[in-house]
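K.L.:
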Amino acid sequence: MQALLNILKKAFVIEYYRRNLGFFLFVFYMLFGMEQKPILFHRELIESIVRSKTELLVTIVVFLLYHLKCLYFITRRIKSSEYIFLAEMQSYSMFQQIAGFAFAYVLLAIPFTIYSCFIIAMGIKLKYILSAMIVLLFLLIVHAINIFVCYKTIQNSFTQKQKLSFLDKLPTVKKSMLLLPLWYSINNGQMRLITVKFFSLLLLSVMCVWNRNDYQFSDFLLFFQFSIAAHSALTLDYVEFFESKFFIRRNLPLPVWKIFLSYLLCYCIIAVPEILSMFYFGIGQQPPTNTSIMAIIYVGELLLFTAVLYEKGMTKERYFAYAGAIVVLMLLLAAFKIFLFAAIAILIICFSLFQTQFYKYEPNAEDKNQEK
22 MQALLNILKK
32 AFVIEYYRRN
42 LGFFLFVFYM
52 LFGMEQKPIL
62 FHRELIESIV
72 RSKTELLVTI
82 VVFLLYHLKC
92 LYFITRRIKS
102 SEYIFLAEMQ
112 SYSMFQQIAG
122 FAFAYVLLAI
132 PFTIYSCFII
142 AMGIKLKYIL
152 SAMIVLLFLL
162 IVHAINIFVC
172 YKTIQNSFTQ
182 KQKLSFLDKL
192 PTVKKSMLLL
202 PLWYSINNGQ
212 MRLITVKFFS
222 LLLLSVMCVW
232 NRNDYQFSDF
242 LLFFQFSIAA
252 HSALTLDYVE
262 FFESKFFIRR
272 NLPLPVWKIF
282 LSYLLCYCII
292 AVPEILSMFY
302 FGIGQQPPTN
312 TSIMAIIYVG
322 ELLLFTAVLY
332 EKGMTKERYF
342 AYAGAIVVLM
352 LLLAAFKIFL
362 FAAIAILIIC
372 FSLFQTQFYK
382 YEPNAEDKNQ
392 EK
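Given below as structure tokens:
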């Protein structure tokens with residue numbers, strides 16, 4: 022049994038934290054390094070979570086996204102050809118396999134499990150027993166389900182007859198041409214989608230607590246732009262999908278505006294959680310019209326990222342540099358408070374740039390090598 026635990030620790034735990042070291046350092050800095058009094062900040066954050074049903078729901082969604090990230094990491098490793106040696110786990114008893122996966126999964130989820138325990142303790146202390154019980158039940162259920170899914174994955178991955186999961190059946194579902202990038206994220210890019218949404222919602226949640234007592238629009242704009250920047254990875258995925266994996270679309274009689282509309286619809290759907298969060302937490306803080314304009318800017322910047330990707334000879338390094346420059350420029354323009362003008366200008370610029378560059382687009386050498 023000790024040998025099994027050592028194998029799982031090296032295959033999952035060590036590799037997971039090695040790959041996500043930068044992610045954890047950034048989250049740690051954001052949660053503990055940006056505040057002058059981090060302990061007081063987190064005390065207020067936890068108190069607001071147990072007192073408010075809405076914030077408790079948002080917290081559970083954020084935690085759930087992280088648990089899905091952990092689950093997807095383990096299941097993807099199990100199905101990888103590099104980890105075929107994990108088939109030997111089937112020689113162990115069911116109890117030993119589940120215990121092994123429980124050991125590995127608990128270590129992967131421990132950062133947010135510890136934070137959940139603080140929420141439970143604060144809920145009990147403040148007599149919000151229902152909130153504490155909800156978080157406790159969530160912890161127990163999500164751990165039990167994910168560990169069992171890991172166990173079933175190892176059982177089904179190395180047999181001739183594999184049962185198709187829900188995600189495996191998605192290719193057989195009829196999909197609208199306009200929403201193909203979104204289906205691609207759900208079916209092939211779950212890890213990146215989950216990570217981006219987790220990071221984005223975490224940013225907005227922190228912003229809402231930060232601004233509770235003394236609302237500062239400048240703080241909102243900072244986290245708002247960070248949330249947009251996080252989605253730059255998804256725009257890169259969508260363009261690579263359309264131009265590399267689904268390049269036959271170029272031979273279809275589709276006008277440019279319809280391709281642009283496809284990106285627009287996908288980004289509107291992807292941004293729904295963030296837009297709803299802005300509307301909810303903006304009640305009493307800023308007029309709904311301002312929030313609507315910020316939602317347009319949110320989607321508009323993602324479309325601008327997409328248009329930039331169609332520039333001839335664009336590389337990933339240059340793209341992320343351009344995306345960072347756009348975010349910084351928007352923060353600088355925010356000082357002039359011309360948000361309606363900015364929203365209209367972004368939409369006009371991104372469509373004009375997209376229409377101009379679309380037929381000039383050529384995949385760079387890296388994309389061509391990936392296709393081969």
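Sequential numbering of the sequence shown, starting at 22, is according to our numbering.
Glycine included, each C-beta is placed from N, C-alpha and C at the ideal position.
Just to confirm, are leucine 29 and phenylalanine 122 a CB contact at a threshold of 9 Å?
P.N.:
Indexing the sequence shown from 1 puts residue 29 at position 8. Indexing the sequence shown from 1 puts residue 122 at position 101. Taking 9 Å as the Cβ cut-off, leucine 29 and phenylalanine 122 qualify as a contacting pair.
K.L.:
Spatial neighbours of tyrosine 87 within its chain, please: C-beta separation below 6 Å, excluding the five flanking residues on both sides.
P.N.:
Here the question's residue 87 lines up with position 66 in the sequence shown. Correct list, in chain order: Phe133, Phe219.
K.L.:
Can you grab the Cα-Cα spacing for the pair serine 114 / alanine 32, in whole Å?
P.N.:
Walking along the sequence shown from the start, residue 114 turns up at place 93. Walking along the sequence shown from the start, residue 32 turns up at place 11. Approximately 20 Å, taken between the alpha carbons.
K.L.:
Quick check on DSSP: helix, strand or coil for lysine 58?
P.N.:
Here residue 58 corresponds to residue number 37 of the sequence shown, with the count starting at 1. Three-state result, lysine 58: coil.
K.L.:
What is the rounded straight-line gap between the Cα of isoleucine 215 and the Cα of methionine 22?
P.N.:
Here residue 215 corresponds to residue number 194 of the sequence shown, with the count starting at 1. Here residue 22 corresponds to residue number 1 of the sequence shown, with the count starting at 1. Between isoleucine 215 and methionine 22, the C-alpha separation is close to 32 Å.
K.L.:
Mind checking which residues open and close the alpha helix (DSSP H) that includes isoleucine 290?
P.N.:
The sequence position of residue 290 within the sequence shown is 269, counting from 1. First-last of the alpha helix (DSSP H) with isoleucine 290: 277 to 291.
K.L.:
Could you check how far apart the C-beta atoms of alanine 364 and isoleucine 290 are, in whole angstroms? I think they sit under 8 Å.
P.N.:
Translated into positions along the sequence shown, residue 364 becomes position 343. Translated into positions along the sequence shown, residue 290 becomes position 269. Not quite, the Cβ-Cβ distance comes to about 19 Å (not below 8 Å), so this is no contact.
K.L.:
Grab me the residues of serine 283's own chain with a C-beta within less than 6 Å of its C-beta, minus the 5 sequence neighbours each way, in chain order.
P.N.:
Here residue 283 refers to the residue found at position 262 of the sequence shown. Answer for serine 283: Leu199, listed in chain order.
K.L.:
When we look at the beta-carbon of valine 163 and count the other beta-carbons within 10 Å, is it buried (16 or more) or exposed?
P.N.:
Stepping through the sequence shown from its first residue, residue 163 is reached at position 142. When all chains shown are included, valine 163 counts as buried.
K.L.:
Determine the extent of the alpha helix (DSSP H) in which alanine 328 is found, giving its start and end residues.
P.N.:
As a working mapping, residue 328 is identified with position 307 in the sequence shown. Its alpha helix (DSSP H) spans residues 309 to 330.
K.L.:
Return the residue from the list Ser248, Val260, Cys91, Thr327 that minimises the CA-CA distance to serine 373.
P.N.:
Translated into positions along the sequence shown, residue 373 becomes position 352. That would be Thr327, whose Cα lies nearest to the Cα of serine 373.
K.L.:
Considering only the beta carbon of each residue, do phenylalanine 47 and phenylalanine 159 sit closer than 9 Å?
P.N.:
Your numbering for residue 47 matches position 26 in the sequence shown. Your numbering for residue 159 matches position 138 in the sequence shown. The answer is no: Cβ separation not under 9 Å.
K.L.:
Whose C-beta lies closer than 8 Å to the C-beta of tyrosine 93 among residues of the same chain, with five residues either side of it excluded?
P.N.:
In the sequence shown, residue 93 corresponds to position 72, counting from 1. Counting only Cβ-Cβ distances below 8 Å, and skipping sequence neighbours, we find Gln211, Met212, Ile215.
K.L.:
Closest to asparagine 311 by CA distance: which of Ala120, Leu325, Ile296, Leu323 is it?
P.N.:
The residue you call residue 311 lines up with position 290 of the sequence shown. Closest option to asparagine 311, Cα to Cα, is Ile296.
K.L.:
Let's test the definition: count the other Cβ atoms within 10 Å of the Cβ of proline 202 and tell me whether it reaches 16, buried, or not, exposed.
P.N.:
Your numbering for residue 202 matches position 181 in the sequence shown. It counts as buried.
K.L.:
Flag this pair as touching only if the region 100 to 107 and the region 136 to 150 have three or more C-beta atom pairs under 8 Å; answer yes or no.
P.N.:
No contact exists between the region 100 to 107 and the region 136 to 150.
K.L.:
Roughly how far, in whole angstroms, is the beta-carbon of isoleucine 99 from the beta-carbon of alanine 125, given that I think they are within contact range, below 8 Å?
P.N.:
Position 78 of the sequence shown, counted from the first residue, corresponds to residue 99. Position 104 of the sequence shown, counted from the first residue, corresponds to residue 125. About 11 Å; that fails the 8 Å criterion.
K.L.:
Taking contact to mean at least 3 C-beta pairs separated by less than 8 Å, is the region 249 to 268 in contact with the region 166 to 179?
P.N.:
Too few Cβ pairs lie closer than 8 Å, so no.
K.L.:
Let me check understanding here. Comparing Cα to Cα, which of Phe341, Gln307, Phe300 lies closest to alanine 316?
P.N.:
By 1-based counting over the sequence shown, the position of residue 316 is 295. It is Phe300 whose Cα lies nearest to the Cα of alanine 316.
K.L.:
Which full runs of the alpha helix (DSSP H) of 4+ residues lie inside the region 113 to 140, going along the chain?
P.N.:
You should have found no qualifying run.
K.L.:
By how many angstroms is the C-alpha of lysine 74 removed from the C-alpha of methionine 110?
P.N.:
Here residue 110 refers to the residue found at position 89 when the sequence shown is read from its first residue. Here residue 74 refers to the residue found at position 53 when the sequence shown is read from its first residue. Roughly 42 Å separates the two Cα atoms.
K.L.:
Quick test of your reading: serine 221 and alanine 251, contact by CB under 8 Å. State the CB separation rounded to the nearest angstrom.
P.N.:
One-based indexing of the sequence shown puts residue 221 at position 200. One-based indexing of the sequence shown puts residue 251 at position 230. At roughly 5 Å, the Cβ-Cβ gap stays under 8 Å, so serine 221 and alanine 251 are in contact.
K.L.:
With DSSP run on the structure shown, which of helix, strand or coil describes asparagine 272?
P.N.:
Position 251 of the sequence shown, counted from the first residue, corresponds to residue 272. If DSSP states are grouped into helix, strand and coil, asparagine 272 belongs with the helices.
K.L.:
Just confirm the distance between the C-beta atoms of isoleucine 249 and tyrosine 319, as a whole number of angstroms; I'd bet it's less than 8 Å.
P.N.:
Stepping through the sequence shown from its first residue, residue 249 is reached at position 228. Stepping through the sequence shown from its first residue, residue 319 is reached at position 298. Contact flag correct, Cβ pair sits at about 6 Å.
K.L.:
Near glutamine 118, what residues of its chain come up, given a Cβ to Cβ distance below 6 Å and the 5 sequence neighbours on each side ignored?
P.N.:
For this step, residue 118 is matched to residue 97 along the sequence shown. For glutamine 118, where only same-chain residues beyond five positions count, the Cβ hits under 6 Å are Met110, Tyr172.
K.L.:
My guess is that lysine 333 and tyrosine 382 are in contact by the Cβ rule of under 8 Å, so how many angstroms apart are they, rounded?
P.N.:
Taking the sequence shown and counting its residues from 1, the one referred to as residue 333 is at position 312. Taking the sequence shown and counting its residues from 1, the one referred to as residue 382 is at position 361. Yes, they are in contact, since the Cβ atoms of lysine 333 and tyrosine 382 sit about 7 Å apart, within 8 Å.
K.L.:
What is the DSSP secondary structure of leucine 147, reduced to helix, strand or coil?
P.N.:
Within the sequence shown, residue 147 is the residue found at index 126, counting from 1. Correct three-state label for leucine 147: coil.
K.L.:
Alpha carbon to alpha carbon, what distance is there between phenylalanine 139 and glutamate 264?
P.N.:
Looking up residue 264 in the sequence shown gives position 243. Looking up residue 139 in the sequence shown gives position 118. Cα to Cα, glutamate 264 sits roughly 47 Å from phenylalanine 139.
K.L.:
From glutamine 378 to tyrosine 331, what does the alpha carbon distance come to, in whole angstroms?
P.N.:
Mapped onto the sequence shown, residue 378 falls at position 357. Mapped onto the sequence shown, residue 331 falls at position 310. Taking the straight line from one Cα to the other gives about 6 Å.
K.L.:
Are the Cβ atoms of tyrosine 37 and cysteine 91 separated by less than 9 Å?
P.N.:
Within the sequence shown, the letter at position 16 stands for residue 37. Within the sequence shown, the letter at position 70 stands for residue 91. Cβ distance < 9 Å, so tyrosine 37 and cysteine 91 count as in contact.
K.L.:
Under 9 Å, do leucine 325 and cysteine 371 count as touching if we go by C-beta distance?
P.N.:
As a working note, residue 325 is residue 304 in the sequence shown. As a working note, residue 371 is residue 350 in the sequence shown. It is a contact, given that the beta carbons lie within the stated cut-off.
K.L.:
Does serine 253 come out as helix, strand or coil in the three-state DSSP assignment?
P.N.:
Your numbering for residue 253 matches position 232 in the sequence shown. Serine 253 falls in the helix class under three-state DSSP.
K.L.:
Consult DSSP for isoleucine 359 and reduce its assignment to one of helix, strand or coil.
P.N.:
As a working mapping, residue 359 is identified with position 338 in the sequence shown. Coil, per DSSP.
K.L.:
Which value, in whole angstroms, describes the spacing of the CA atoms of glutamine 176 and serine 102?
P.N.:
Your numbering for residue 176 matches position 155 in the sequence shown. Your numbering for residue 102 matches position 81 in the sequence shown. If you take the alpha carbons of glutamine 176 and serine 102, they lie about 15 Å apart.
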